[in-house]
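J.: Protein chains in written order, with this note's numbering: chain A, 232 to 499; chain B, 40 to 352.
Using N, Cα and C, we set each Cβ at its ideal position, and we do this for glycine too.
What follows is a structure written as structure tokens; I'll ask about it next.
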Amino acid sequence: MLNLANVRYRYPGAPRDALTDVSISIGPGEFHAVLGPNGSGKTTLVRIALGALAPLVGRADVNGRSASQWSRRDLARQVGVVPQREDNLFPQRVRETVLLGRYPYLSLWGGERPEDHAAVDRALAACDAADLADRWVWTLSGGEYQRVRVARALAQTPSFLVLDEPGISLDLRHEMTLFELIRGLVDAQRLGVLMITHDLNLAARFADSLLLLRDGRPVASGAPADVLTQENVEAVFSWPVAMQTIDDRPQMIPLRQRPRPDHPTPSS
Amino acid sequence: MKWAVLCIVAVLALVASVVLGPAAVPLGELLRSDIVWNLRAPRAVLAFLVGGSLGVAGAGLQALVRNPLADPFLLGLSGGAGLGAVLAIALHLPGPWVLPIAAFVGALAALVLVYRLGLVGGATLDPRILLLGGVAVGAFAAAITTAIVALADAAELRNAFLWLWGGLSTASWNAVLVVALYAPLPLAVLLAASRPLDLLALGEESAGYLGADVESVKRRVYLAASLLTAVAVAVSGVIGFVGLIVPHLARLTWGHRHRALLPAAFIGGGALLAIADTLARTAVAPRELPVGVVTALIGVPVFAFLLRRWTIA
Numbered sequence: 232m233l234n235l236a237n238v239r240y241r242y243p244g245a246p247r248d249a250l251t252d253v254s255i256s257i258g259p260g261e262f263h264a265v266l267g268p269n270g271s272g273k274t275t276l277v278r279i280a281l282g283a284l285a286p287l288v289g290r291a292d293v294n295g296r297s298a299s300q301w302s303r304r305d306l307a308r309q310v311g312v313v314p315q316r317e318d319n320l321f322p323q324r325v326r327e328t329v330l331l332g333r334y335p336y337l338s339l340w341g342g343e344r345p346e347d348h349a350a351v352d353r354a355l356a357a358c359d360a361a362d363l364a365d366r367w368v369w370t371l372s373g374g375e376y377q378r379v380r381v382a383r384a385l386a387q388t389p390s391f392l393v394l395d396e397p398g399i400s401l402d403l404r405h406e407m408t409l410f411e412l413i414r415g416l417v418d419a420q421r422l423g424v425l426m427i428t429h430d431l432n433l434a435a436r437f438a439d440s441l442l443l444l445r446d447g448r449p450v451a452s453g454a455p456a457d458v459l460t461q462e463n464v465e466a467v468f469s470w471p472v473a474m475q476t477i478d479d480r481p482q483m484i485p486l487r488q489r490p491r492p493d494h495p496t497p498s499s
Numbered sequence: 040m041k042w043a044v045l046c047i048v049a050v051l052a053l054v055a056s057v058v059l060g061p062a063a064v065p066l067g068e069l070l071r072s073d074i075v076w077n078l079r080a081p082r083a084v085l086a087f088l089v090g091g092s093l094g095v096a097g098a099g100l101q102a103l104v105r106n107p108l109a110d111p112f113l114l115g116l117s118g119g120a121g122l123g124a125v126l127a128i129a130l131h132l133p134g135p136w137v138l139p140i141a142a143f144v145g146a147l148a149a150l151v152l153v154y155r156l157g158l159v160g161g162a163t164l165d166p167r168i169l170l171l172g173g174v175a176v177g178a179f180a181a182a183i184t185t186a187i188v189a190l191a192d193a194a195e196l197r198n199a200f201l202w203l204w205g206g207l208s209t210a211s212w213n214a215v216l217v218v219a220l221y222a223p224l225p226l227a228v229l230l231a232a233s234r235p236l237d238l239l240a241l242g243e244e245s246a247g248y249l250g251a252d253v254e255s256v257k258r259r260v261y262l263a264a265s266l267l268t269a270v271a272v273a274v275s276g277v278i279g280f281v282g283l284i285v286p287h288l289a290r291l292t293w294g295h296r297h298r299a300l301l302p303a304a305f306i307g308g309g310a311l312l313a314i315a316d317t318l319a320r321t322a323v324a325p326r327e328l329p330v331g332v333v334t335a336l337i338g339v340p341v342f343a344f345l346l347r348r349w350t351i352a
């Protein structure tokens, strides 16, 4: 279980809390998405879940042990992370970068073992990236690059996957491919997934549970139909929207900005 | 194969630096010659050890400060070492080892100062501030050095000035012994950090999520690379560009994985400095060039080429 219970956090010297009374609990085979405007505390939540920050109040546990108590190495065997940004200082081939995911299993002086290369092959295959293995990373398209980074996290053979805005700057097909891939991993490998995303509609389509944050406070959490309501979205994002339903999931359509008596104005 | 070629080049470089020199030693008397045993052989071995140490220190620092064009002497150590040496000369401190010891102490003082500057808020080591702090500390030390040189006797200036440009003319078996006993520990520390250094190329955040203890790795790499540079500067002055260019050339052949890169940088750096020192001794014989001049003359064009290649890629 990846577990946050009643977490409060404030950055040193900050005037207000970055997170207040936030709880989320992710088990195997569950896909949770965290939504909210910029600065609503999504990234802080991930840092606390990964033990990079310790909550001032409440608990953050990974498999029953406080997240900040894990050694980086042991935690990397439990949780694979796809951060929002990263850059490669040196040119690298896809297989090499995925092999970095085996670091938490390698001994100090020993080389990579056959099982490490097998894990890399499995991860590449699971991400439909086996044919990319010998390409240079810098020649990949945005969508291919994200699949490779997911493969690197899978090479850690984790129980949980944490993704920070994985679909950003991807076109329609690549973004859908990525979400289908994540959903498939959740169902096939019983991975627990925590994803930060700005894409309310894809989150509602693919995730089992949503957590909607505003100013570090949970506005709603639970099944997509209960969280992604017109009322909640308009309140959190200060913009008028209309709602539809596809595949029994709520879908949000932003409306043009014109004065309507029954909607709050964006500037309010 | 490429390892074999590298090792053959290294052996040839060592043989050449023992055979070649201003004094003609007949080949048949090489093994019995005093010049060979007491001058050329220790000098060749010392050049190899210093060049290798600079190569490894440079490779580690480039990964640490996330800049492939970083040189170990960018971190202010050369300024500190120069100040220490010039201070020792100006104060007429006696003893055969006073210059290297003073340079080593100066380098260590600069190391501590830069390290303190790099520890932002006392908790995390910021490589960018490390680099800027190194430049600042180096400039400050250079200013004081220049002030001392300006006030000291003219006769002593030449010594200090030539020393700053690097040279192995004071090489002895004792110096070889000191480096051979001192260098293995920081070298082993850097070699043990090979895999975390690979991860650091992705950025500190990603490296941490992949299981590296980033803060500890940064400190170990900085301290080990600086201690290697400090001993190099103590026994041979400031020899620029070896620590910059050797890791680059090694990366072209061995890739960026530090488990292969660091040993290749050691052997390659050793071979390069042995060759450069042979050139320094023989090019204008019977006079001798500071070896730092030779490495700079070779290094700057290579650097310009690499810079161009890097900015295009």
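Measuring only the C-alpha atoms, how far is residue 353 of chain A from residue 420 of chain A?
T.: Between residue 353 of chain A and residue 420 of chain A, the C-alpha separation is close to 12 Å.
J.: To which residues of the same chain is residue 172 of chain B closer than 6 Å at the C-beta, ignoring the five residues directly before and after it?
T.: Excluding sequence neighbours, residue 172 of chain B sits near 153, 156 and 157.
J.: Below 7 Å between beta carbons is the criterion; list the residues of the stretch 233-253 of chain B that meet it against any residue of chain A, in chain order.
T.: Those would be 234, 237, 238, 240, 241, 242, 244, 245, 247, 248, 249, 250, 251 and 252, in chain order.
J.: Please report the distance separating the alpha-carbon of residue 120 of chain B from that of residue 104 of chain B.
T.: Answer to the nearest angstrom: the Cα atoms are 22 Å apart.
J.: Cβ closer than 8 Å: which chain A residues qualify as neighbours of residue 107 of chain B?
T.: Within chain A, the residues near residue 107 of chain B are 320 and 321.
J.: Can you tell me which of the three DSSP states residue 407 of chain A falls into?
T.: Of the three classes helix, strand and coil, the one that applies to residue 407 of chain A here is helix, per DSSP.
J.: Say whether chain A places a C-beta atom closer than 7 Å to the C-beta of residue 287 of chain B.
T.: Output row for residue 287 of chain B: interface = no.
J.: Please say whether residue 285 of chain A and residue 302 of chain A have beta carbons closer to each other than 7 Å?
T.: Contact flag unset, no.
J.: Compute the beta-carbon to beta-carbon distance between residue 136 of chain B and residue 331 of chain B, rounded to the nearest angstrom, for a pair I have assumed lies under 8 Å.
T.: Not confirmed; about 21 Å, so no contact.
J.: If you follow the beta strand (DSSP E) that residue 261 of chain B is in, where does it begin and where does it stop?
T.: Residue 261 of chain B -> not in any beta strand (DSSP E); alpha helix (DSSP H) instead, spanning 253-275.
J.: Check residue 291 of chain B in the structure and name its three-state DSSP category.
T.: In this structure, residue 291 of chain B counts as helix in the three-state DSSP scheme.
J.: Residue 262 of chain A by DSSP, collapsed to three states: which one?
T.: Strand, per DSSP.
J.: Secondary structure at residue 321 of chain A, three-state DSSP: helix, strand or coil?
T.: Reduced to three states, the DSSP call for residue 321 of chain A is coil.
J.: Using a C-beta to C-beta distance shorter than 7 Å, which residues of chain B count as neighbours of residue 307 of chain A?
T.: The answer, in chain order, is 248, 249 and 250.
J.: So is residue 297 of chain B in contact with chain A if we call contact Cβ pairs under 7 Å?
T.: Answer no: the Cβ-Cβ gap between residue 297 of chain B and chain A never drops below 7 Å.
J.: What's the gap between the Cα of residue 288 of chain A and the Cα of residue 449 of chain A?
T.: Going by the C-alpha atoms only, they are around 15 Å apart.
J.: Could you please tell me which residues of the stretch 116-135 of chain B, in chain order, have their CB closer than 9 Å to any CB of chain A?
T.: Result list empty, no residue passes.
J.: Give me, in chain order, the residues of the same chain whose beta-carbon lies closer than 8 Å to that of residue 499 of chain A; leave out the 5 immediate sequence neighbours on both sides.
T.: Low local confidence applies: a pLDDT of 47 at residue 499 of chain A is under 50, so the model's placement there is unreliable, and no value is given.
J.: DSSP on residue 388 of chain A, reduced to helix/strand/coil?
T.: It is coil, neither helix nor strand.
J.: For the stretch 351-365 of chain A against the stretch 267-276 of chain B, do three or more pairs of beta-carbon atoms, one drawn from each stretch, fall closer than 8 Å, so that the two count as touching?
T.: No, the stretch 351-365 of chain A is not in contact with the stretch 267-276 of chain B.
J.: Distance cutoff 7 Å, beta carbons only. Does residue 98 of chain B sit that close to anything in chain C?
T.: Included in the structure are the protein chains A and B, with no chain C among them.
J.: In the DSSP assignment, find the unbroken alpha helix (DSSP H) run with residue 67 of chain B in it and report its ends.
T.: Counting along the chain, residue 67 of chain B falls outside any alpha helix (DSSP H), and DSSP gives it neither H nor E.
J.: Throw me the rounded Cβ distance for the residue 381 of chain A and residue 412 of chain A pair, which I believe falls under 8 Å.
T.: About 7 Å; that satisfies the 8 Å criterion.
J.: Residue 231 of chain B versus chain A: which residues are under 9 Å apart at the beta carbon?
T.: Result: 339 and 340.
J.: Which of the three DSSP states is assigned to residue 476 of chain A in this structure?
T.: In this structure, residue 476 of chain A counts as strand in the three-state DSSP scheme.
J.: In the DSSP assignment, what residue or residues form a beta bridge with residue 482 of chain A?
T.: Note: residue 482 of chain A sits in a beta bridge opposite A:475.
J.: Name the residue from B:237, B:68, B:65 and B:84 whose alpha carbon lies nearest to the alpha carbon of residue 52 of chain B.
T.: Comparing Cα positions, the closest option is B:84.
J.: With a threshold of 16 other CB atoms inside 10 Å of the CB of residue 335 of chain B, please say whether the residue is buried or exposed.
T.: Classification of residue 335 of chain B: buried, given that the 10 Å Cβ count is 16 or more.
J.: Of all Cβ atoms in chain B, is any one closer than 7 Å to the Cβ of residue 396 of chain A?
T.: It does not: the Cβ of residue 396 of chain A has no partner Cβ on chain B nearer than 7 Å.
J.: Is the stretch 221-229 of chain B touching the stretch 58-72 of chain B, taking contact as three or more C-beta pairs under 8 Å?
T.: In short, these stretches do not touch, since the Cβ pair count stays below three.
J.: In this structure, how does DSSP classify residue 470 of chain A when only helix, strand and coil are distinguished?
T.: Residue 470 of chain A: coil per DSSP, three-state reduction.
J.: Can you pull the chain B neighbours of residue 312 of chain A, defined as C-beta to C-beta under 7 Å?
T.: The contacting residues are 248.
J.: Looking only at C-alpha atoms, which of A:307, A:456 and A:359 sits nearest to residue 252 of chain B?
T.: For the residues A:307, A:456 and A:359, the minimum Cα distance to residue 252 of chain B belongs to A:307.
J.: If you drop the 5 nearest sequence neighbours on each side, which residues of the same chain put their C-beta closer than 7 Å to that of residue 307 of chain B?
T.: Answer for residue 307 of chain B: 45, 94, 285, 288 and 289, listed in chain order.
J.: Helix, strand or coil: which one does DSSP assign to residue 215 of chain B?
T.: Helix, per DSSP.
J.: What residues from chain B crowd round residue 241 of chain A, counting only those whose CB sits closer than 8 Å?
T.: Within chain B, no residue comes near residue 241 of chain A; the closest Cβ sits about 17 Å away, beyond 8 Å.
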